[in-house]
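Q: Chains as they are written, first to last, in our numbering: chain A, 32 to 215; chain B, 581 to 1017.
Glycine included, C-beta positions come from ideal geometry on N, C-alpha and C.
What follows is the structure in C-alpha cells.
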C-alpha cells in the first residue's frame, strides 16, 4: 500500500515537473476486473507529457477565421502522428477551439473545421482513423483569462487530448499486467 | 396562473383599433395617457400586499411600461384625482378635462375568496369619450406585476396597433465561475428583471437557449457527454432529452419555427457545417444546405416560409436567405466586413445581425431583400440579437473589453442608449420570447 501511495504521488506530480519523466514505451491497458493499480487513468498525464516531449507540443494554433495548418503546425502534427502510431492503444480526442471575438455558433463550427483539418492530416500521416475522434468547444474554453484581441492566437487552437482507451475485448487470456518499473 | 378575459368585447376593441393606430402613425405629438391609481372596493391584505397599495403600484407599473415604448407620454398616479371602483367602467369624462390627456386608464383591483386578486383595466379615449379597449385577469396576488404588464400590452396594442413586450420573458445563459472554468446555467426572467429562475444547475456547459413560440419548451445546446448537441426540455425542467436519436453528432444553433412544430439547427461533419430541419419531437432531419463551408445560425421569417442564415461559402461569413425547404439561397449582406447571427423580426420587415468590421462587433438591421442596412449599436463586442414581440426592441449580448464579462442589454431599434438587463449575475445568449398568449 505504501508503495502504491508513493507511485501515485510520483505520477500525479509528473505533469508539474518541468522535465517530463522518461517513458519506457507503450503500455497495454489492463483487462477488466484487474485491480486498478497504475491503470490507464494514472497513465494519461504521463502519456501526455511524453507526447508533448516527443512532438514538441500537443497544440497547434491558427490565424483568425483560418483553418489552414501552418508549416510549424505540420511539423508538430507529423511528430504527433508518429507518436500516435507508436501508441496504438491510446485514443486521442482532437479538440478544436475558436477565439472569443467570433460569434458563438460560428466559433463552434470553426472549431470543428479546425479539428477536422488536424484529424485529416493525422490520418494522412498514417494514424488509424478509429484512434481519433474530433470535438469542438467553440469559444467556451479559452486558455487565457484575458479578453482582448491579443488572445486570438492563443485561443484559436486545436489540442490533441489523450483519453482512456475503451475497454478492449481480449480474444485470448492475457499475460499478467505489469506494474511500471521502480523510479517511473 | 389562470387568466380570464372579456372576450365578448374583443370585437368592439378591434373595431376601434384602426383609428387608434392611425393616431400613432400620423406624426402628431405623442399620445398623453393619464394613469390614476386603481381603486379597490375593500382594502384587503393579500400575499402580494394590501389591495389599496397594489392599486397604486399597478398604475405606476402601467405608466412606466407605456412610457418606455417611446410613442406614449404618461401622467402618473400622484398627479391625478382618485375615483371609485364603480366609476371604472363608466368614467366621468368631465372630471378629466383638466388633465390635458388624450387617453385615460381606469380599472380596479379586488381580493378574491380563493386568495387571488382580480385586476381589471380599461382604456378610454378622452376626445371621443369612448372606450378603446379593456382587459381583466385573475392572478395570484404575488403575480400582480404580470397582470399590470398584460394591461399594458393590451393598451399598447390598442394605441399603436402592435403587440407590447411588457409581459414577455427573456431566456439566457447565466455565467458564473471564472472565464477559463465557467459555470453556465439556463435562466429565464421577465424583461423587467422580475421573476428570475434557473432552469439548469450548472452541471454541464449549456449555450444557445431558444424558447418555443408558446413559451412552454426550450431548445438549447449542451456539452454533456463531451459532444455539443441540441436538447429540448419543458420550461419546468422536465422532459429533458436530446433532439436527435442515434449516435452522437455535433449539432447546435437550434431555433423553433414560428408555429412551434419544427426546429432548424446546424450539424457539423468533417469540417462541413450545414443547416437541417426536423420535427420538434425529433425524427429524421431534412438537410437544407449542401454548400461546402459553414452554414449556421438559422432564423425563420414570421410566416415560416423563409429562413435567414449565416454562411461563409463566399469567403467571409455573410447573411443569406432561403425558402424553408432549402431552395432559392441568396446572399443579402454586402456592406463589407462579415455578418453573423441573423434574427428575423416578428413584423417580418427587418433582419437583425451582428457585424464584424475588423475591430468591433456591433448589432445592425437590414431588410430581407438586402436594402437599408444600418447599425443600431456601437459596442466593442455586441452579438446574438433577438427581437421583442413588438419588433421595436432588441436584446443582445454585450461583452466588456479586457475582462470578457458579458451581460444581456436591450435597445430600442430607433437608437438610444442600450440598457443592461436587471439580472443578478452576468449572462450571455439572450432570447426574447414571443408575445404572451
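#1: By the DSSP assignment, the beta strand (DSSP E) with residue 633 of chain B in it spans what residues?
#2: Can you check whether the C-beta of residue 807 of chain B is within less than 8 Å of a C-beta belonging to chain A?
#3: Which residues of the stretch 953–973 of chain B have a Cβ closer than 8 Å to any Cβ of chain A? Give them in chain order.
#4: With three or more C-beta pairs closer than 8 Å as the rule, is the stretch 789–806 of chain B touching the stretch 830–849 of chain B?
#5: Taking the continuous alpha helix (DSSP H) assigned at residue 93 of chain A, which residues delimit it?
#6: Counting only beta-carbon atoms, is residue 741 of chain B nearer than 8 Å to chain A?
#7: What alpha helix (DSSP H) runs, 4 residues minimum, are completely inside the stretch 710–768 of chain B?
#8: To be precise: take each residue of the stretch 877–895 of chain B, compare its Cβ to all Cβ atoms of chain A, and keep it if any distance is under 9 Å. Which residues remain?
#9: Between the stretch 1001–1013 of chain B and chain A, which residues of the former have CB atoms less than 7 Å from a CB of the latter, in chain order?
#10: As a quick exercise: from B:939, B:921, B:945, pick the residue whose alpha carbon is nearest that of residue 929 of chain B.
#11: When the Cα atoms are used, what is the spatial distance from residue 878 of chain B to residue 854 of chain B?
#12: Closest to residue 671 of chain B by CA distance: which of B:615, B:628, B:927 is it?
#13: Closer than 8 Å, CB to CB, is residue 181 of chain A near chain B or not?
#14: Buried or exposed: residue 764 of chain B, going by 16 or more other Cβ atoms within 10 Å of its Cβ?
#15: Residue 121 of chain A touches chain B at which residues, Cβ-Cβ below 7 Å?
#16: Starting from the beta carbon of residue 842 of chain B, find every residue of chain A whose beta carbon is closer than 9 Å, and list them in chain order.
#17: At the level of alpha carbons, what is the spacing between residue 997 of chain B and residue 942 of chain B?
#18: Output, in chain order, the set of chain B residues within a Cβ distance shorter than 7 Å of residue 131 of chain A.
#19: From the beta carbon of residue 160 of chain A, is the nearest beta carbon of chain B less than 8 Å away?
#20: Which residue comes first and which comes last in the beta strand (DSSP E) that contains residue 683 of chain B?
#21: What does DSSP give as the partner residues of residue 98 of chain A in its beta bridges?
#22: Quick one: give me the first and last residue of the alpha helix (DSSP H) that residue 956 of chain B is part of.
#23: Round the Cβ separation of residue 683 of chain B and residue 705 of chain B to the nearest angstrom and send it over; I've been treating them as touching at under 8 Å.
#24: With 7 Å as the C-beta to C-beta threshold (strictly closer), list the residues of the stretch 144–170 of chain A near chain B in chain order.
#25: What span of residues does the alpha helix (DSSP H) with residue 3 of chain A cover, start to end?
#26: Given a cut-off of 8 Å on the beta-carbon distance, is the pair residue 189 of chain A and residue 140 of chain A in contact?
#27: Using a Cβ-Cβ cut-off of less than 7 Å, list which residues of the stretch 897–924 of chain B approach chain A; keep chain order.
#28: 8 Å is my cut-off, CB to CB: does residue 832 of chain B come that close to chain A?
#29: Start and end of the beta strand (DSSP E) containing residue 842 of chain B?
#30: Can the beta-carbon of residue 884 of chain B be found closer than 8 Å to that of residue 907 of chain B?
#31: Going by DSSP in three states, residue 50 of chain A sits in which element: helix, strand or coil?
#32: When burial is assigned at 16 or more other CB atoms within 10 Å of the CB, is residue 155 of chain A buried or exposed?
#33: By a C-beta neighbour count over all protein chains shown, 10 Å radius and 16 as the cutoff for buried, is residue 779 of chain B buried or exposed?
#34: Apart from the five residues just before and just after residue 105 of chain A, which ones in its own chain have a Cβ nearer than 6 Å to its Cβ?
#35: Given a threshold of 16 other Cβ atoms within 10 Å of its Cβ, counted over all protein chains shown, does residue 977 of chain B qualify as buried or as exposed?
#36: Helix, strand or coil: how does DSSP classify residue 990 of chain B here?
A: With the given structure in hand:
#1: Along the second chain, read from residue 1 onward, the residue named residue 633 of chain B stands at position 53. Unbroken run through residue 633 of chain B is the alpha helix (DSSP H), 631–648; no beta strand (DSSP E).
#2: Indexing the second chain from 1 puts residue 807 of chain B at position 227. With 8 Å as the cut-off, residue 807 of chain B counts as an interface residue toward chain A.
#3: The stretch 953–973 of chain B vs chain A, Cβ under 8 Å: 961, 963, 964.
#4: In short, these stretches touch, since the Cβ pair count reaches three.
#5: Translated into the one-based positions of the first chain, residue 93 of chain A becomes position 62. From DSSP, residue 93 of chain A is part of no alpha helix (DSSP H); its letter is neither H nor E.
#6: For this step, residue 741 of chain B is matched to residue 161 along the second chain. Closer than 8 Å: no.
#7: With a minimum length of 4 residues, the continuous alpha helix (DSSP H) runs that stay inside the stretch 710–768 of chain B are 724–740.
#8: The stretch 877–895 of chain B vs chain A, Cβ under 9 Å: 877, 890, 892.
#9: Legend: CB atoms of the stretch 1001–1013 of chain B lying less than 7 Å from CB atoms of chain A belong to residues 1009.
#10: The count along the second chain starts at 1 and reaches residue 929 of chain B at position 349. Among B:939, B:921, B:945, the Cα nearest to that of residue 929 of chain B belongs to B:945.
#11: In the second chain, residue 878 of chain B corresponds to position 298, counting from 1. In the second chain, residue 854 of chain B corresponds to position 274, counting from 1. Here the alpha carbons of residue 854 of chain B and residue 878 of chain B stand approximately 10 Å from one another.
#12: Here residue 671 of chain B refers to the residue found at position 91 when the second chain is read from its first residue. Taking only the C-alpha atoms, the option nearest residue 671 of chain B is B:615.
#13: Taking the first residue of the first chain as position 1, residue 181 of chain A is located at position 150. For residue 181 of chain A, no Cβ of chain B is located within less than 8 Å of the residue's own Cβ.
#14: For the purposes of this step, residue 764 of chain B is identified with residue 184 of the second chain, where counting begins at 1. By the neighbour-count rule (16 or more Cβ atoms within 10 Å), residue 764 of chain B is buried.
#15: Counting from 1 along the first chain, the entry for residue 121 of chain A is found at position 90. Here the premise fails: no neighbours, minimum Cβ distance about 17 Å.
#16: By 1-based counting over the second chain, the position of residue 842 of chain B is 262. Going along chain A, no residue has its Cβ under 9 Å from residue 842 of chain B, so there is no contact; the nearest lies around 18 Å.
#17: Taking the second chain and counting its residues from 1, one reaches residue 997 of chain B at position 417. Taking the second chain and counting its residues from 1, one reaches residue 942 of chain B at position 362. Residue 997 of chain B and residue 942 of chain B have their C-alpha atoms some 13 Å from each other.
#18: Taking the first residue of the first chain as 1, we reach residue 131 of chain A at position 100. Those within 7 Å of residue 131 of chain A in chain B are 984.
#19: Here residue 160 of chain A refers to the residue found at position 129 when the first chain is read from its first residue. Cβ-Cβ to chain B under 8 Å: no for residue 160 of chain A.
#20: Within the second chain, the letter at position 103 stands for residue 683 of chain B. Residue range 683–691 is occupied by the beta strand (DSSP E) that includes residue 683 of chain B.
#21: Within the first chain, the letter at position 67 stands for residue 98 of chain A. In the DSSP output, where bridge partners are listed per residue, residue 98 of chain A has none listed.
#22: Within the second chain, the letter at position 376 stands for residue 956 of chain B. Element bounds for residue 956 of chain B: n/a, residue is neither H nor E.
#23: What you label residue 683 of chain B is simply residue 103 of the second chain in a count that begins at 1. What you label residue 705 of chain B is simply residue 125 of the second chain in a count that begins at 1. With a Cβ gap of about 6 Å, residue 683 of chain B and residue 705 of chain B count as contacting.
#24: Taking 7 Å as the Cβ-Cβ cut-off against chain B, the residues of the stretch 144–170 of chain A that qualify are 144, 147, 148, 166, 167.
#25: Since the first and last residues shown for chain A are 32 and 215, residue 3 of chain A lies out of range.
#26: As a working mapping, residue 189 of chain A is identified with position 158 in the first chain. As a working mapping, residue 140 of chain A is identified with position 109 in the first chain. Pairing residue 189 of chain A with residue 140 of chain A gives a Cβ-Cβ distance that is not under 8 Å.
#27: Cβ proximity to chain A below 7 Å picks out 897, 920, 921 from the stretch 897–924 of chain B.
#28: Here residue 832 of chain B is taken as the residue at index 252 of the second chain, counted from 1. Yes, because at least one Cβ of chain A sits closer than 8 Å to the Cβ of residue 832 of chain B.
#29: Here the question's residue 842 of chain B lines up with position 262 in the second chain. DSSP places residue 842 of chain B in the uninterrupted beta strand (DSSP E) bounded by 842–849.
#30: Position 304 of the second chain, counting from 1, holds the residue named residue 884 of chain B. Position 327 of the second chain, counting from 1, holds the residue named residue 907 of chain B. Contact flag unset, no.
#31: Counting from one through the first chain, the residue named residue 50 of chain A turns up at place 19. The predicted position of residue 50 of chain A is uncertain, since its pLDDT is 43 and thus under 50; no value can be drawn from it.
#32: Numbered from its first residue, the first chain carries residue 155 of chain A at position 124. With fewer than 16 other Cβ atoms within 10 Å, it is exposed.
#33: Indexing the second chain from 1 puts residue 779 of chain B at position 199. Within 10 angstroms of the beta-carbon of residue 779 of chain B lie 16 or more other beta-carbons, which makes it buried.
#34: Here residue 105 of chain A refers to the residue found at position 74 when the first chain is read from its first residue. Cβ neighbours of residue 105 of chain A beyond the five flanking positions: none.
#35: As a first step, residue 977 of chain B must be located in the second chain, where it is residue number 397. Around the beta carbon of residue 977 of chain B, 16 or more other beta carbons sit within 10 angstroms, so the residue counts as buried.
#36: By one-based count along the second chain, residue 990 of chain B stands at place 410. Residue state, collapsed to three classes: strand.
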